[in-house]
Amino acid sequence: MKNLKSFLNIDFLVKDNSSKNWKMILFISMLAVIMISSGHSADKKIFKISSLSTTIKSLKSDFIQVKQELLILKKESSVSQKLLSRDIVPASIPPIKIIVSDE
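Numbering (our numbering), first residue to last: 1173 to 1275.
#1: Can you tell me where the alpha helix (DSSP H) with Val1238 in it begins and where it stops?
#2: Taking only the alpha-carbon atoms, compute the straight-line gap between Met1196 and Leu1176 and give it to the nearest angstrom.
#3: By Cβ distance below 8 Å, which residues in the same chain neighbour Ser1250 in space, the five residues on each side in sequence not counted?
#4: Classify Lys1177 as helix, strand or coil using the three-state DSSP reduction.
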């Protein structure tokens, strides 16, 4: 009972040998502050990673959509359809290969 009463009165921090106790309390307090700071930093990084991953998913879907539109526009049929308004039609005869000799 006497030990409990002296502990509750915080006698261990006021006595002559209390410098050892204060050093330990300060050390533990600094470790606690560092641990809390590290936890908050990790939480911030987790939230940033999750927001960046949703952004990546959105950009990937946009990329796929634009790529699909490009493939449709590159088809010969769509190109020839757009050029008909300018009176440009596909050639009816195939191209001829020209061979140049090195002399």
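Glycine included, every Cβ here is placed at the ideal spot set by N, Cα and C.
The short version:
#1: For the purposes of this step, residue 1238 is taken as residue 66 along the sequence shown, with counting starting at 1. First-last of the alpha helix (DSSP H) with Val1238: Ser1190 to Lys1246.
#2: Here residue 1196 refers to the residue found at position 24 when the sequence shown is read from its first residue. Here residue 1176 refers to the residue found at position 4 when the sequence shown is read from its first residue. Met1196 and Leu1176: Cα-Cα distance of roughly 20 Å.
#3: Your numbering for residue 1250 matches position 78 in the sequence shown. These residues qualify, in order along the chain: Ile1244.
#4: For the purposes of this step, residue 1177 is taken as the residue at position 5 of the sequence shown. Three-state DSSP puts Lys1177 in a helix.
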